[in-house]
Each structure stands twice: as C-alpha cells, then as structure tokens.
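Asks:
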Amino acid sequence: MTQPTPQTIGVALTALKAESALWTQQSERLQRVANDATALLIEPGGVTVVFDAFLDAYNEVTRLYVQRSTDGRDSTAAIADTLAAVATTYAEEEKANLHAQHRLY
Amino acid sequence: MAYALTDFIRDRQAQHARTAEALLRAHARLRDEVMPAAASAIRAVQTSPAPWLVLGRGLIAPKLQQIWNGLSSLEGLLATLLSPIQIPFWLWHNAERWARLEGEVTGMVGDMNITNREVHLRWHGAAADAYDKVLPAHVAAAAQLGTSADTIQRSLTWAGTAAAVFYAALLAILIQFTAGFLTAMATAMSVPFAVMGIVAMFMVISVALAELGALVVVGTEVFARMKIWMIELQTELNDNSAFPNRRWPPSRTDWFADATVTDGDADWSVVR
C-alpha cells in the first residue's frame with residue numbers, strides 16, 4: 000500500500016480539526032440556547048388565576064428544553080474534544096514516524 | 000409585503016396596551032370614586048328621614064349591605080384579575096424570543112449537514128466509520144429542538160392573544176357595570192324612586208359578578224385546553240427517538256477515540 004504524502008496527511012488533519020471546531024461551535028450554540036431558554040421562564044410571582052395551569056405547563060416545557068440543550072452542550076463538547084485528541088494523537092505519531100514503522104496510515 | 004409574526008404581535012401589543020390602560024383607569028375609578036360614592040349613597044338612604052324609608056328600613060338595610068358586599072367582592076376580584084395584566088406582553092415577547100431560538104437551532108442542523116464537511120472524504124477505518132454513525136442522532140435531536148421551539152412560539156402567540164381577549168371582555172363588563180351602577184345609584188338618591196334605584200344597584204352588581212364569574216370559568220377552561228399543547232411538547236422533548244432516556248443523544252466517543260497505531264491497527268486511516 001502506498002504511503003500518503005505529507006500534504007495528504009496535512010489536509011486530512013486539517014479536516015479533522017475543522018470537524019472538531021464545528022462540534023465546539025455547536026456546543027457553544029447549545030449553551031447559548033440553554034441560557035436564552037432559561038431567561039424565558041415566566042414566573043409572575045403572584046396569583047394569575049386563569050393562566051396558572053398553562054404557565055406551569057409552559058415552564059415545565061422550558062425546563063425540559065434547557066435540560067436537553069445543556070445535555071447537548073456536554074455531548075457535543077465531548078465529541079469535539081475526542082476529535083481534537085484524535086488529530087493530536089495522529090499528528091504526534093506521524094511526527095514520531097510510528098505510521099511508517101507500523102505500515103499503518 | 001407579508002404580514003409577519005412580528006407585525007401581528009406589534010398590533011396586538013398596541014391594542015392590549017390600550018385595553019390595559021382603560022382597565023386600570025376603570026378599576027381605579029371604581030375603587031376611588033364609585034365605591035366612596037356608593038358608601039355615601041347607602042348612608043344617605045339609611046339615614047333618610049323620609050317616612051316610607053324609615054318604615055321600610057328593616058327590609059332595605061340587608062339589601063344595602065348586600066350591595067356593599069357585592070361591590071367589595073367585585074372590586075377584590077377585579078384587583079386579583081388585573082394583577083397579571085402584563086401576561087399577554089410576556090407571552091408575545093417570549094414568542095418572539097422562541098422564534099429566534101428556533102432559528103439558532105435550525106442553523107445547527109444546517110451546520111451539521113454531512114455534505115458540508117470534508118472529514119468523511121479524508122478518513123476511513125473502523126473509528127472513522129463509527130464516527131459517521133454517531134452524527135444522525137445529534138442532527139435528529141437538534142431538529143427536534145427546532146420543531147419544539149417553533150411549536151412553543153406559535154402556542155405563546157395564541158395564548159397571548161387569548162389572554163388579551165380575556166382582558167378586553169373584562170373591560171367590557173367593567174364599563175357596562177360602572178355605567179349601570181352609577182345610573183342606579185342616581186336613581187336611589189332621588190327619594191321617590193329610591194327603592195327602584197336600590198333594586199337596580201343590586202341587580203347591576205349581581206349581573207356583573209355573574210358575568211365576571213362566567214368569564215373566569217371560560218378563561219380558565221380556554222387556558223386549560225391550551226395547556227394540552229404544552230403537555231404534547233413535554234412528550235416531544237421526552238421522545239425516546241430524538242432524546243434516548245430523556246437526554247440528548249450520548250457522544251459515543253468510545254466508538255471513535257482510538258487514533259493510535261501502536262495497538263496494531265489504524266482505526267483512523269488517511270484516505271490516499
């Protein structure tokens with residue numbers, strides 16, 4: 000099997016880092032979504048008579064939305080970190096000539 | 000030009016601002032002018048030296064007390080109903096914010112579209128292939144957040160409108176009551192028609208209390224039905240297909256974290 004050129008490896012690593020950055024952006028986006036949704040809770044702080052049942056249910060939906068967004072922030076951040084670590088490991092092993100030694104690219 | 004959501008909301012906000020101002024003014028008038036005037040009128044009837052009023056005081060006094068109690072109940076109920084008068088504004092304001100959130104999450108779905116990215120063309124191997132399989136669950140979760148934000152936005156827009164209609168109906172009742180009660184009170188102050196006026200005062204208050212009670216019942220029923228939208232949204236946000244175990248899909252990083260070749264394989268392999 001032919002060995003990939005340093006340029007090919009460089010392009011592949013760039014793509015992997017871009018992928019990691021994309022997930023970081025999504026994680027940051029979901030953090031913003033969670034923050035914004037938290038600010039959308041409606042807590043009048045008094046008796047609202049006819050609106051109580053609706054507002055309670057709305058606030059419950061908003062809390063669920065915040066939870067899902069916060070989970071999403073953590074999950075996407077983990078993917079971003081893992082892809083970054085993959086790129087780092089690959090680059091370090093390439094620098095140490097391990098791919099050539101093992102004939103694995 | 001299309002009549003956008005923001006235009007719809009602006010129109011309703013302006014209309015509710017006028018309703019709220021009129022309601023608060025009418026309530027203040029009831030509390031600060033009509034009730035003190037009614038108290039004076041009731042005192043005047045109670046202390047009138049007119050012989051037939053003196054003779055009929057035993058019958059009239061309880062009715063006057065009922066009128067005063069009714070008036071106090073009406074004012075108290077109005078004060079309670081008016082305390083959350085800002086709710087239509089909050090609901091519309093939040094509807095617009097949810098529309099922006101929907102745009103944000105939809106942007107995420109676009110960013111994660113696999114055709115926009117190169118990593119899948121540059122890498123293969125067990126880990127790279129496993130990574131490909133992780134992506135769809137996250138896109139589905141983001142899409143569900145977008146759909147839910149859109150539904151929340153629509154629900155809040157209509158809930159805000161329903162709340163504004165509730166207050167418009169309240170204003171109509173209050174205006175009708177105030178006009179009727181002042182007329183009845185003027186009649187009660189004219190000695191020849193005092194009894195007619197007292198009966199009319201009692202009737203006007205009874206009708207207003209009944210109308211207010213009916214409005215509260217209908218309003219509560221309408222918002223209880225709107226609550227169903229929110230229950231459905233809770234179901235969507237707990238849906239196992241988009242949010243397994245009621246959470247955002249797991250990262251599954253163990254599927255694609257192995258980048259080393261020192262273990263004898265290349266799970267991330269550069270495409271040549």
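Chains as they are written, first to last, in numbering that gives the first Met the number 0: chain B, 0 to 104; chain C, 0 to 271. Virtual Cβ for every residue (Gly too), placed ideally from N, Cα, C.
(1) Interface residues of chain B around C:Q152 at Cβ under 9 Å?
(2) Can you tell me which of the three DSSP states C:S47 falls into?
(3) Any beta carbon of chain C sitting closer than 8 Å to that of B:V65?
(4) Given that a residue counts as buried once 16 or more other Cβ atoms are within 10 Å of its Cβ, and exposed if not, what is C:N115?
(5) Closest to C:L4 by CA distance: which of C:V44, C:V104, C:Q85, C:E95 is it?
(6) The alpha helix (DSSP H) spanning B:Q115 covers which residue range?
(7) Considering only the beta carbon of each residue, do B:P5 and B:Y104 sit closer than 8 Å?
(8) Given a cut-off of 8 Å on the beta-carbon distance, is the pair B:A36 and C:V269 in contact?
(9) With a CB to CB cut of under 7 Å and the five nearest residues on each side skipped, what residues in its chain are close to C:G218?
(10) Give me the subset of the region 2–30 of chain C whose CB atoms are less than 7 Å from a CB atom of chain B, sorted by chain position.
(11) Does the region 254–268 of chain C come within contact of the region 112–127 of chain C, defined as at least 3 CB pairs closer than 8 Å?
(12) With C:F222 as the anchor, note down where its alpha helix (DSSP H) starts and where it stops.
(13) For B:E27, which residues in chain C fall below 7 Å Cβ to Cβ?
(14) Considering only residues of the region 41–104 of chain C, which uninterrupted alpha helix (DSSP H) runs meet the minimum length of 4 residues and lie entirely inside it, listed in chain order?
(15) Please tell me whether C:F165 has its Cβ less than 8 Å away from any Cβ of chain B.
(16) Please say whether C:W228 and C:A148 have beta carbons closer to each other than 8 Å?
(17) In chain C, which residues lie with their C-beta within 9 Å of the C-beta of B:T23?
(18) Spatial neighbours of C:L173 within its chain, please: CB distance less than 6 Å, with the 5 preceding and 5 following residues excluded, ordered by chain position.
(19) For C:M188, report the span of its alpha helix (DSSP H) as first-last.
(20) For C:V33, which of helix, strand or coil comes out of DSSP?
(21) Taking C-alpha atoms, which residue in C:A49, C:T46, C:G102, C:Y130 lies nearest to C:D257?
(22) In this structure, does DSSP put C:W254 in helix, strand or coil?
(23) Does the beta carbon of B:A33 come closer than 8 Å to any beta carbon on chain C?
(24) Would you kindly report the start and end of the unbroken alpha helix (DSSP H) that includes B:D51?
(25) Could you tell me the distance, in whole angstroms, from the CA atom of B:A77 to the CA atom of B:A99?
(26) Counting along the chain, where does the alpha helix (DSSP H) carrying C:I8 start and finish?
(27) Does DSSP classify B:W22 as helix, strand or coil?
(28) Count the other CB atoms, across all protein chains shown, that sit within 10 Å of the CB of B:T47; report buried if there are 16 or more and exposed otherwise.
(29) State the DSSP-derived secondary structure class of B:V10, mapped to helix, strand or coil.
(30) I'd like the list of long-range same chain contacts for B:A33, defined as Cβ closer than 7 Å, with 5 residues on each side in sequence excluded.
(31) Counting Cβ pairs closer than 8 Å, one from the region 187–197 of chain C and one from the region 39–46 of chain C, do we hit at least three?
(32) So for C:S240, helix, strand or coil by DSSP?
(33) Could you name the residues of the region 171–191 of chain C whose beta carbon sits closer than 9 Å to any beta carbon of chain B, in the order they occur along the chain?
(34) How would you list, in chain order, the residues of chain C whose beta-carbon sits under 7 Å from the beta-carbon of B:P108?
Replies: Put simply:
(1) Chain B residues near C:Q152: none, gap ~10 Å exceeds 9 Å.
(2) coil
(3) no
(4) exposed
(5) C:E95
(6) Outside the modelled stretch of chain B, which goes from 0 to 104, sits residue 115 of chain B, for which no answer is possible.
(7) no
(8) no
(9) F165
(10) none
(11) yes
(12) 193–236
(13) Simply none; closest approach about 11 Å.
(14) 50–54, 56–81
(15) yes
(16) no
(17) The premise fails here: B:T23 is roughly 11 Å from chain C at the closest Cβ pair, so nothing lies under 9 Å.
(18) A25
(19) 125–188
(20) helix
(21) C:Y130
(22) helix
(23) no
(24) 51–94
(25) 30 Å
(26) 4–28
(27) helix
(28) buried
(29) helix
(30) V65, S68, T69, R72
(31) yes
(32) coil
(33) none
(34) The requested residue 108 of chain B does not occur in the structure, where chain B is confined to residues 0 to 104.
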